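Per my numbering: the sequence shown ends with 368, consecutive numbering throughout.
For every residue, glycine included, the Cβ atom is placed at its ideal position computed from N, Cα and C.
Note that the structure is predicted; figures quoted are calculated from it, not measured.
Read through the structure below, which is laid out as structure tokens, and then see the notes.
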Amino acid sequence: MCYNSGMPKISKNNSDYYQERNLKNLDKIDQLLEELPPFCEDFLRGIEMRTSVLTRLNYVYDLRIFFDFLIHRKFRGKAVAELTLEDLESVTDTDIEIFLSYLSNYRFKDKRLSCDERAKARKLSSVRSMFKYFFNKGLIEVNQTAKVTTPKLHEKEIIRLENNEVTSLLDTAEYGDGLSPHASGYHEKTKIRDSAILTLFLGTGIRISELVGLNNESIDFSNNSFIVTRKGGNKAILYFSEEVGDALAAYLAEKENDPRIPPDEHALFLSLQYRRISVRAVENLVKKYAKIVSPLKKITPHKLRSTYGTALYRQTGDIYIVADVLGHRDVNTTRKHYAAITEDHRRSVADAVKLHHSEEDS
């Protein structure tokens with residue numbers, strides 16, 4: 007096993023994870039299209055060049071629920087596969103508003119489900135995209151979704167770890183204090199890996215998909231940097247501190263001495279089965295340690311990313327740097343997520359302006 011000491015190079019293996027993920031998602035889309043009207047295949051093909059595979063898969067999931075609603079509430083007696091563009095054109099803005107209300111408490115495939123305001127907004131966006139596509143193509147005469155108001159989205163509270171909680175989280179991963187007897191049994195095997203994962207989240211703000219997609223060849227210790235594949239497939243070089251570098255080096259040294267790792271396995275972070283670790287496994291390990299340190303906070307990998315973003319903003323006060331490092335295309339996304347911590351800045355300048363001046367101040 008060999009790790010780069012020079013600038014990281016983008017190799018074929020560096021994108022294998024994303025290629026495999028896209029292929030799996032394309033297979034899912036093909037399977038799910040059988041549950042949608044035939045014209046949906048035209049819609050997905052039409053937007054293929056300007057959307058990611060994951061975006062199209064999410065559209066399919068949302069449209070399944072929309073068409074299931076229509077055949078139970080508007081087109082009773084029809085199967086989803088029998089719906090036509092003429093049926094779609096007959097859907098009114100009132101029908102769509104009823105659909106949004108229906109999402110508060112609905113049944114799909116024998117499961118009782120509910121959507122919050124953000125989930126409703128996303129499903130409306132998916133339905134709008136489909137209507138807009140067929141309207142622009144001249145295949146329906148009216149785009150009724152344009153008349154429907156998007157659900158009001160309330161600002162979500164930013165959940166993050168405080169400095170003492172960050173220290174406790176890393177200590178828990180290293181020493182295993184507070185783990186259940188069952189979890190303690192695995193801790194000795196995974197503690198170095200888990201510490202490296204948590205340190206990387208908290209020290210760089212990396213996304214979970216970016217972390218899972220890292221390969222051995224992605225890391226460059228001479229420059230303390232690594233290559234990630236951002237949303238949309240673009241590559242970016244991120245930099246890490248010596249503290250993060252030490253955690254990664256300890257994990258890589260452990261891997262070097264493990265003969266059970268397949269020689270052709272390029273994934274950086276491995277499961278106990280010596281395969282690329284999954285997103286679900288990373289989510290579970292974060293939850294395992296976080297519930298010991300901060301049981302009242304629901305800490306996820308994304309919350310660790312928020313913790314890093316908050317710390318970086320507090321240190322720099324520069325929202326543009328935070329946006330660039332986190333990979334936000336729009337700085338308003340960053341501002342929305344981290345606006346709450348400007349209260350710290352307001353508090354810090356509360357005494358900056360004095361109303362009563364002494365002669366010494368003049």
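Whose C-beta lies closer than 8 Å to the C-beta of residue i among residues of the same chain, with five residues either side of it excluded?
i      : result
Glu289 : Ile214, Thr306 and Pro307
Leu69  : Leu42, Cys46, Ser132, Val133 and Met136
Gly239 : Tyr24 and Ser58
Ile212 : Leu206, Val234, Leu244 and Arg311
Tyr9   : Its pLDDT being 39, under 50, Tyr9 is placed unreliably by the model, and the measurement read from it follows with that caveat. These residues qualify, in order along the chain: Asn222, Glu223, Ile225, Phe227 and Leu258.
Arg282 : Tyr23, Val218, Glu271, Ala273, Phe275 and Leu276
According to the neighbour-count rule (16 or more other Cβ atoms, all chains shown, within 10 Å of its Cβ), is residue i buried or exposed?
i      : result
Pro301 : exposed
Thr100 : exposed
Met136 : buried
Asp33  : exposed
Tyr245 : exposed
Lys129 : buried
Gly12  : Note that Gly12 scores 44 on pLDDT, short of 50, meaning its location in the model is unreliable; the coordinates nonetheless yield the value given after this. Exposed, because fewer than 16 other Cβ atoms sit within 10 Å of the Cβ of Gly12.
Asp36  : exposed
Glu26  : exposed
Tyr314 : buried
His334 : buried
Asp226 : buried
Arg311 : buried
Leu278 : exposed
Glu194 : exposed
Phe114 : exposed
Val337 : exposed
His362 : exposed
Ser190 : exposed
Lys117 : exposed
Thr173 : exposed
Going by Cα to Cα distance, which pick from the options is closest to residue i?
i      : options                           : result
Ile71  : Arg51, Met55 and Leu106           : Leu106
Lys293 : Arg62, Tyr326, Asp200 and Thr210  : Asp200
Lys30  : Met55, Ile53, Leu63 and Arg56     : Leu63
Thr155 : Cys121, Ile104, Thr196 and Ile146 : Ile104
Leu276 : Leu91, Gly182, Val218 and Lys143  : Val218
Asn28  : Leu76, Tyr192, Lys80 and Lys237   : Lys237
Ile198 : Asp122, Ala255, Asn230 and Ile164 : Ala255
Arg166 : Thr339, Thr340, Arg320 and Thr316 : Thr316
Phe207 : Leu185, Leu332 and Leu91          : Leu332
Glu161 : Thr339, His362 and Leu361         : Thr339
Thr90  : Leu361, Glu123 and Leu145         : Leu145
Glu92  : Ala85, Glu147 and Arg118          : Glu147
Gly52  : Lys143, Leu119, Thr322 and Arg118 : Lys143
Starting from residue i, follow its DSSP beta bridges and name the residues at the other end.
i      : result
Asn221 : Ala273
Arg282 : Leu276
Using a Cβ-Cβ cutoff of less than 7 Å, which residues in the same chain neighbour residue i once the five nearest sequence positions on both sides are dropped?
i      : result
Asn149 : Phe137, Lys138 and Phe141
Asp60  : A quick correction: the sequence has Leu, not Asp, at residue 60. Taken in chain order, the residues that qualify are Asn31.
Asn20  : Reliability fails at Asn20, whose pLDDT of 48 lies under 50, so the model's placement of it is uncertain and the value that follows must be treated cautiously. Asn221, Glu223, Ser224 and Ile233, listed in sequence order.
Once the 5 residues before and after residue i are set aside, which same chain residues still bring their CB inside 6 Å of it?
i      : result
Leu6   : Because the chain in this structure spans residues 7 to 368, residue 6 falls outside the shown range and cannot be described.
Leu39  : Glu47
Val66  : Ile35 and Leu38
Lys15  : Residue confidence for Lys15 is low, a pLDDT of 44 falling below 50, so the modelled location carries little weight; the figure read from the coordinates is stated next. Around Lys15: no qualifying Cβ.
Leu318 : Val328
Lys153 : Asp99
Thr210 : Leu244 and Phe246
Cys121 : Leu109
Leu291 : Asp200
Quick check on the DSSP output: what are the complete alpha helix (DSSP H) runs of length 4 or more inside the stretch 66 to 154, in order along the chain?
Given a length threshold of 4 residues, each whole run of the alpha helix (DSSP H) inside the stretch 66 to 154 is given here in chain order: 91 to 95, 99 to 108 and 123 to 142.
#### Entry: Secondary structure, beta strand (DSSP E): runs of 3+ residues fully inside the stretch 194 to 257
With a minimum length of 3 residues, the continuous beta strand (DSSP E) runs that stay inside the stretch 194 to 257 are 231 to 235 and 241 to 245.
Minimum length 4: unbroken alpha helix (DSSP H) runs contained in the stretch 278 to 338: Complete alpha helix (DSSP H) runs here, min 4: 285 to 299, 307 to 322 and 325 to 332.
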